[in-house]
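Novice: Under my numbering, think of the first position of the sequence shown as 837, with each following residue one higher. Even glycine gets a Cβ: it sits at the ideal position worked out from N, Cα and C. Everything numeric in this text was worked out from a predicted model, so none of it was measured.
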Amino acid sequence: MEDNRHSGHSVWSRRSRQEGDRDGDRRDRESRDGFPQGGGRRPGGFRDDGYRDGDYQDDGYRDGGRRGDGGRGDSRPGPGERRGARPQSRYARASKSYHERHTPREPFVEKGYVEHKGFSDFQLRLVYSILNDVLQNGRPLDQCYAYWFSKVKIDSLEQGFLTRQINAMLAKLSLYAHVSGLKRPSDSGNHVARIIFSYCAAQNFSLPELSGEEGFDRRGLRARLEEGMQDVLMREGCPHWLEESCAPLLKEAWPAERKALGEPARRFIRTNTLVGTRDELASLLAGEGVVTRSVKDIPTALEVTSNSAIFRTEAFRDGRFEQQDAGSQLIPAFLEVKPGMKVVDACAGAGGKTLQLAADLKGKGTIIALDTEQWKLADLRWRARRARAHNIETRLIDSTKVIKRLHGQADRVLIDAPCSGTGIVRRIPDSKWRDPRNRFRELKDLQQDLLRRYSLMAKPGGLVVYSTCSILPWENGEQVRAFIEAADGEFELLAERQILPSSGLDGFYMARMRRREAPAFDPDGMPPEDISVLPAPSNEELPGQADPGPSPAHPEGQGDGIARAGEDKLPEGQPIH
């Protein structure tokens, strides 16, 4: 039986997938449309190694479909075959495919290519395959980049170009859905070819051939584009749920933040100070063709300004850096760890902040990384070995006893809580079009529960930092003040900081608290100096949220699909937690 799990999807016709492709009919359609047919189920074993920017190692044939497909991943005749002729042997086809794959391609020159051509036929097939996987099959964008880029042999410049175009389509999906004549962005999954066509028109690219979309009115395309650009939400790529959630709370500050969230995300890396300095890292990367610049007031951060495949560099293989937003790098520093301390990262995930804390400890002391997902902890252990961080102990939260055994043991506790992710939506252009408001009440209860239970791991006099990647007050300052009030004097707020997307970084919140030596009573009830007090959250319905009914019970740890501070999952050019 022919294995077409990895074949590219037909860009311009969906009937082949619905009715099934068979033998000659299938090849006739390919000859007519110029694109491979297929669409069988692809395996779920996507590479997901915690470095989610679409910049993945390319190992040639790895799971690349049939060996004789010339690296295309489809089932067209191989090199030298005539249509309808007897197929060559598998060995002969594979040999020619190997020769093709190892013949250097002409270098990709982005500027001239875009000005004169837009997408090549090969690039259109690849763009369609990735978008179809995201919009139709619902797979995370970072996994789709990892999967599809591992099937082709392209240089880093071309890969970066394609990634930026796909990110741009998804970032303003509501606009291109409108231009395509669709009622809502969620309809895009059934009309991926229209989205690509509309994007090409908006960018003045050469328009691709379009068939199988008979209901598409091309004549009104330019008028719909102008109409969409007049709508501020479409123009800035803002979903309605985000507008309705943020505008009432941020008030006059919201327009600037909405505009910032609609812009492309900057790309940052964090220097692993266990291995070398930031200047040394910048020099090594420059030698490998990666252009960087230092970030002011963040001593470990470098901004990558070139379109380079940073995960293919020797510096990355040596464990000299991690990709992490510069704003996210401020959170571990806020915890003020010192060598020799016992530190608990209570919501460690894949360990971006855990690794930074290990570097701050300079190899002295212990970090206990906790999470409810074993695969994340396994990923963390792998990353720790590469980063030469040998003082990290991982523990799976499989019962409440794991937390209780650590009560009063830690000098520092980081609670990087699950949140709405409103501060990092520009890094998750695929998922921002899914309305999360029905989970807001669950999130609110979960955050308060984590604060109440996990803070007890701090010893008297120890520090606790609560952080999110949200810009919504009810997840941030209001949660902290509700916790301190309920703690009845056992914790005091020392400092807090809100980073907004308009600063050029992602949106983050952090609050530093101290567990007092003994419960104290302040007769005046005055808050710490220079810290404004916001009202504690109520049980009333959250702004912009439909009533979801009773709040569901939530198990120990985090719910699937909920963002964590700095846990960015984006492709090339986008940092990861």
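1) Quick one: what's got a C-beta closer than 8 angstroms to Gln1417's C-beta in the same chain, skipping five residues either side?
2) Less than 8 angstroms separating the beta-carbons of Ile1203 and Val1238?
3) Below 8 angstroms, can you find three or more Cβ-Cβ pairs linking the region 1245 to 1258 to the region 1295 to 1314?
4) I'd like the list of long-range same chain contacts for Glu1229, defined as Cβ closer than 8 angstroms, with 5 residues on each side in sequence excluded.
5) Under DSSP, the alpha helix (DSSP H) around Arg975 begins and ends at which residues?
6) Let me know the secondary structure DSSP gives Phe955 once reduced to three states.
7) When you compare each of Gly1298, Tyr1012, Leu1046 to Asp1067 by their alpha carbons, which one comes out closest?
8) Closer than 8 angstroms is the cut-off here; do at least three beta carbon pairs connect the region 1052 to 1069 with the region 986 to 1005?
9) Is it buried or exposed for Val970, if we count other Cβ within 10 angstroms and need 16 for buried?
10) Since Lys1095 is in the beta strand (DSSP E), which residue starts that stretch and which ends it?
11) Taking Cβ positions, are Leu1329 and Ile1335 nearer each other than 8 angstroms?
12) Whole-angstrom Cβ separation of Trp1310 and Lys1280, contact assumed at under 8 angstroms?
13) Would you call the region 1140 to 1155 and the region 1171 to 1190 touching, i.e. three or more CB-CB distances under 8 angstroms?
14) Tell me, please, which residues DSSP counts as bridged to Tyr1335.
15) Mind listing, in chain order, the continuous beta strand (DSSP E) runs of no fewer than 3 residues lying wholly within the region 1100 to 1128?
16) Starting from the Cα of Ser1016, find the closest Cα among Ala1007, Ile1251, Ala1029 and give me that residue.
17) Can you give the Cα-Cα distance for Gly1464 and Ala1007, rounded to whole angstroms?
18) Kindly list the residues whose CB is nearer than 6 angstroms to the CB of Ala1223, restricted to its own chain and excluding five residues on each side of it in sequence; keep chain order.
19) Could you give the C-beta distance for Arg1351 and Val1300, rounded to a whole number, given that I count them as a contact under 8 angstroms?
20) Report all residues from its chain with a CB closer than 7 angstroms to the CB of Ala1323; omit the five preceding and five following residues, and keep chain order.
21) Given that a residue counts as buried once 16 or more other Cβ atoms are within 10 Å of its Cβ, and exposed if not, what is Ala1220?
22) So does the region 974 to 992 actually touch the region 1069 to 1080, counting three or more Cβ pairs closer than 8 angstroms?
23) Please go through the same chain and pick out, in chain order, the residues whose beta-carbon is closer than 8 angstroms to the beta-carbon of Arg1348, but skip the five residues on each side of it.
24) Look up Glu1172 in the DSSP assignment and say whether it is helix, strand or coil.
25) Name the two residues that bound the continuous beta strand (DSSP E) containing Lys1178.
26) Going by other Cβ atoms of all chains shown within 10 Å of its Cβ, with 16 needed for buried, is Gly1064 buried or exposed?
27) Return yes when the Cβ of Leu1250 is within less than 8 angstroms of the Cβ of Ala1182, no when it is not.
28) Just the Cα atoms here: how many angstroms apart are Arg1129 and Thr1136?
29) Inspect the beta-carbon positions of Val1131 and Ala1162 and report whether they are closer than 8 angstroms.
30) In whole angstroms, what is the alpha-carbon distance linking Pro1272 and Gly1123?
31) So the candidates are Lys1019, Phe1152, Phe1327, Leu1046; which of them puts its Cα closest to the Cα of Leu960?
32) Please state the DSSP three-state secondary structure of Ala1137.
33) Give the DSSP-derived three-state secondary structure of Leu1242 in the structure shown.
34) When the Cα atoms are used, what is the spatial distance from Asp957 to Met1005?
35) Looking at Leu1061 and Ala1038, is the spacing between their C-beta atoms short of 8 angstroms?
36) Taking the straight line between their C-alpha atoms, what separation do you get for Arg1217 and Arg1000?
Specialist: Here's the rundown:
1) Because the chain in this structure spans residues 837 to 1413, residue 1417 falls outside the shown range and cannot be described.
2) Within the sequence shown, numbered from 1, the residue matching residue 1203 stands at position 367. Within the sequence shown, numbered from 1, the residue matching residue 1238 stands at position 402. Taking 8 angstroms as the Cβ cut-off, Ile1203 and Val1238 do not qualify as a contacting pair.
3) yes
4) As a working mapping, residue 1229 is identified with position 393 in the sequence shown. Within the same chain, Glu1229 has close Cβ partners Thr1202, Ile1203, Ile1204, Ala1205.
5) As a first step, residue 975 is located in the sequence shown; it is residue number 139 there, counting from the start. Here Arg975 belongs to no alpha helix (DSSP H), and DSSP marks it neither H nor E.
6) Stepping through the sequence shown from its first residue, residue 955 is reached at position 119. Reduced to three states, the DSSP call for Phe955 is coil.
7) For the purposes of this step, residue 1067 is taken as residue 231 along the sequence shown, with counting starting at 1. Of the listed residues, the one whose Cα sits closest to Asp1067 is Tyr1012.
8) no
9) Position 134 of the sequence shown, counted from the start, is the residue given in the question as residue 970. Its Cβ being crowded by 16 or more others within 10 Å, Val970 is buried.
10) If you number the sequence shown from 1, residue 1095 lands on position 259. Careful: Lys1095 lies outside any beta strand (DSSP E), inside the alpha helix (DSSP H) at 1090 to 1097.
11) Position 493 of the sequence shown, counting from 1, holds the residue named residue 1329. Position 499 of the sequence shown, counting from 1, holds the residue named residue 1335. No, these two residues do not count as a Cβ contact at 8 angstroms.
12) As a first step, residue 1310 must be located in the sequence shown, where it is residue number 474. As a first step, residue 1280 must be located in the sequence shown, where it is residue number 444. Confirmed, Cβ separation roughly 6 angstroms.
13) no
14) The residue given as residue 1335 occupies position 499 in the sequence shown. The amino acid occupying residue 1335 in the given sequence is Ile; Tyr does not appear at that position. Paired residues: Phe1344.
15) 1104 to 1107
16) Translated into positions along the sequence shown, residue 1016 becomes position 180. Per the Cα distances, Ala1029.
17) No answer is possible for residue 1464: it lies beyond the span of the chain, which begins at 837 and ends at 1413.
18) Stepping through the sequence shown from its first residue, residue 1223 is reached at position 387. Same-chain partners within the cutoff: Asn1108, Gly1155, Leu1191.
19) Position 515 of the sequence shown, counting from 1, holds the residue named residue 1351. Position 464 of the sequence shown, counting from 1, holds the residue named residue 1300. 7 angstroms between Cβ atoms; contact.
20) As a first step, residue 1323 must be located in the sequence shown, where it is residue number 487. The answer is none, since no qualifying residue turns up.
21) On the sequence shown, residue 1220 is found 384 positions in, with the first residue counted as 1. By the 10 Å Cβ count, Ala1220 comes out buried.
22) no
23) What you label residue 1348 is simply residue 512 of the sequence shown in a count that begins at 1. Phe1170, Leu1171, Glu1172, Leu1299, Val1300, Val1301, Leu1329, Leu1330, Ala1331, Glu1332.
24) Residue mapping note: residue 1172 aligns to position 336 of the sequence shown, counting from 1. DSSP places Glu1172 in coil when its eight states are reduced to three.
25) Residue 1178 sits at position 342 when you count from the first residue of the sequence shown. Run containing Lys1178: 1178 to 1181, per the beta strand (DSSP E) assignment.
26) In the sequence shown, counting from the first residue as 1, residue 1064 sits at position 228. With 16 or more Cβ atoms within 10 Å of its Cβ, Gly1064 is classed as buried.
27) The residue you call residue 1182 lines up with position 346 of the sequence shown. The residue you call residue 1250 lines up with position 414 of the sequence shown. Taking 8 angstroms as the Cβ cut-off, Ala1182 and Leu1250 qualify as a contacting pair.
28) Here residue 1129 is taken as the residue at index 293 of the sequence shown, counted from 1. Here residue 1136 is taken as the residue at index 300 of the sequence shown, counted from 1. Approximately 11 angstroms between the Cα atoms of the pair.
29) By 1-based counting over the sequence shown, the position of residue 1131 is 295. By 1-based counting over the sequence shown, the position of residue 1162 is 326. Yes, Cβ-Cβ distance for Val1131 and Ala1162 is below 8 angstroms.
30) Here residue 1272 refers to the residue found at position 436 of the sequence shown. Here residue 1123 refers to the residue found at position 287 of the sequence shown. Near 44 angstroms, if we compare the C-alpha coordinates of Gly1123 and Pro1272.
31) Residue mapping note: residue 960 aligns to position 124 of the sequence shown, counting from 1. Checked all of Lys1019, Phe1152, Phe1327, Leu1046; the closest Cα to Leu960 is Leu1046.
32) Working through the sequence shown from its first residue, we reach residue 1137 at position 301. Note: Ala1137 maps to strand in three-state DSSP.
33) In the sequence shown, residue 1242 corresponds to position 406, counting from 1. Coil, per DSSP.
34) For the purposes of this step, residue 957 is taken as residue 121 along the sequence shown, with counting starting at 1. For the purposes of this step, residue 1005 is taken as residue 169 along the sequence shown, with counting starting at 1. Each residue's Cα considered, the two are about 18 angstroms apart.
35) Position 202 of the sequence shown holds residue 1038. Position 225 of the sequence shown holds residue 1061. Yes; because the gap between Cβ atoms is below 8 angstroms, this pair is in contact.
36) Sequence index remark: in the sequence shown, residue 1217 carries index 381 (1-based). Sequence index remark: in the sequence shown, residue 1000 carries index 164 (1-based). The straight-line gap from Cα to Cα measures roughly 31 angstroms.
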